[in-house]
Amino acid sequence: MADTIPVACPECDKQMQVPTKLVGKKIRCKGCEATILVKEPKAAKPAKAAKPEPASPPPPPARPAADDDDENADPYGAIKDDLDIPRCPFCAKELDPPDTLICLNCGYDLVQRRRHESKTIHAWTKGDYFKHLAPGVACALVAIGFGALIVLAILYMPDVFTEVGLQDDKEHEITKKKEFLFPPGACTLPFTVLSLFIMYKSGWFAIKRLFINWRPPERKKEKK
Numbered sequence: 044m045a046d047t048i049p050v051a052c053p054e055c056d057k058q059m060q061v062p063t064k065l066v067g068k069k070i071r072c073k074g075c076e077a078t079i080l081v082k083e084p085k086a087a088k089p090a091k092a093a094k095p096e097p098a099s100p101p102p103p104p105a106r107p108a109a110d111d112d113d114e115n116a117d118p119y120g121a122i123k124d125d126l127d128i129p130r131c132p133f134c135a136k137e138l139d140p141p142d143t144l145i146c147l148n149c150g151y152d153l154v155q156r157r158r159h160e161s162k163t164i165h166a167w168t169k170g171d172y173f174k175h176l177a178p179g180v181a182c183a184l185v186a187i188g189f190g191a192l193i194v195l196a197i198l199y200m201p202d203v204f205t206e207v208g209l210q211d212d213k214e215h216e217i218t219k220k221k222e223f224l225f226p227p228g229a230c231t232l233p234f235t236v237l238s239l240f241i242m243y244k245s246g247w248f249a250i251k252r253l254f255i256n257w258r259p260p261e262r263k264k265e266k267k
């Protein structure tokens, strides 16, 4: 520290050099006799450090030289665009997933090469189900009824012949029963064949209507 410090009078601005040992004490100005408190001089503010310049990014690594024998080498650094993205040939929308068979945007079938029609249908009601399934139930009952008639015809056709009176007056030598004018099986056989045909037709219709195509037909909404 210097032996003297500069002091300025606050009244007359007279500049004086005062010994450092008087720091903190009062002195009188030689010019105007004003009382001055000697203060320790303020230390000089350190100079602001210069901001470091940002480091420049490192240069990109050099592209290795392509081998002439490498088929996948790209000497020009070409960038692939979206031409490699699978798209619908009809609406050009991206296929998601890429291996889809039908475009979800426009309904184009990539296998059959045709566009499926988009339509708005009415919601099915209980009445629609009843109208659609009722014929199947009726055919099922018809098939069951004719099956029961076949069993009854086989079991009770001789009794029917007896009640109707289709018997001869002659008795059988062994059974001692009156013989029929013609065997009951002559009626049972054609009735059974006809009944089986009706059972097949009605039963197959009932199976298709009740189990295979059990949903009512779609009713398309008309565009206004």
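Quick note on numbering: the working numbering labels position 107 of the sequence shown as 150, and the sequence is numbered without any gaps. Here a beta-carbon is modelled for each residue, glycine too, at the ideal position from N, C-alpha and C.
From Val-236 to Pro-259, what distance separates their C-alpha atoms?
Their Cα atoms are separated by approximately 33 Å.
Could you tell me the alpha carbon to alpha carbon distance between Lys-123 and Pro-129, rounded to whole angstroms?
With a pLDDT of only 49 at Lys-123, under the threshold of 50, the placement of this residue in the model should not be trusted, and no figure is reported.
So the beta strand (DSSP E) Ala-51 belongs to, where does it begin and stop?
Bounds of the beta strand (DSSP E) holding Ala-51 are 47-51.
Give, in chain order, every unbroken run of the alpha helix (DSSP H) that is at least 4 residues long and sits entirely within the region 148-184.
Those alpha helix (DSSP H) runs which fall completely within the region 148-184 and span 4+ residues do not exist here.
Determine, using beta-carbon pairs with one atom in the region 198-211 and one in the region 220-235, whether at least three such pairs fall under 8 Å.
Yes, they touch.
Note down the Cα distance separating Ala-51 from Lys-64, rounded to an integer number of angstroms.
If I take the Cα positions, the gap works out to 17 Å.
Classify Tyr-151 as buried or exposed, calling it buried when 16 or more other Cβ atoms lie within 10 Å of its own Cβ.
By the beta-carbon neighbour count (other beta carbons within 10 angstroms, threshold 16), Tyr-151 is buried.
Under a Cβ-count criterion, where at least 16 other Cβ atoms within 10 Å of its own Cβ denotes burial, should Gly-179 be classed as buried or exposed?
So Gly-179 ends up on the buried side.
Quick one: what does DSSP say Arg-224 is sitting in, helix, strand or coil?
Residue 224 is actually Leu in this sequence, not Arg. Leu-224 falls in the coil class under three-state DSSP.
Could you spell out the range, first to last residue, of the beta strand (DSSP E) harbouring Thr-78?
Following the DSSP letters along the chain, one finds Thr-78 inside the beta strand (DSSP E) bounded by residues 78-80.
Are there three or more Cβ pairs, one per stretch, closer than 8 Å when the region 247-266 is compared with the region 164-177?
Because the criterion of three Cβ pairs below 8 Å is met, the region 247-266 and the region 164-177 touch.
Could you have a look at Pro-84 and say whether DSSP puts it in helix, strand or coil?
If DSSP states are grouped into helix, strand and coil, Pro-84 belongs with coil.
Where the beta strand (DSSP E) through Gly-70 begins and ends
Note on residue identity: the sequence assigns Ile, not Gly, to residue 70. Per DSSP, the unbroken beta strand (DSSP E) holding Ile-70 starts and ends at 69-71.
Sort Lys-162, Thr-163, Glu-160, Leu-144 by Cα distance to Val-154 and report the nearest one.
Residue Leu-144 is the option with its Cα nearest to Val-154.
Out of Ile-70, Cys-75, Gly-74, which one is the CA nearest neighbour of Lys-82?
Cα-wise, what sits closest to Lys-82 is Ile-70.
Going by alpha carbons, who is nearest to Cys-134 out of Val-185, Leu-147, Ile-241?
When only C-alpha atoms are compared, the closest one is Leu-147.
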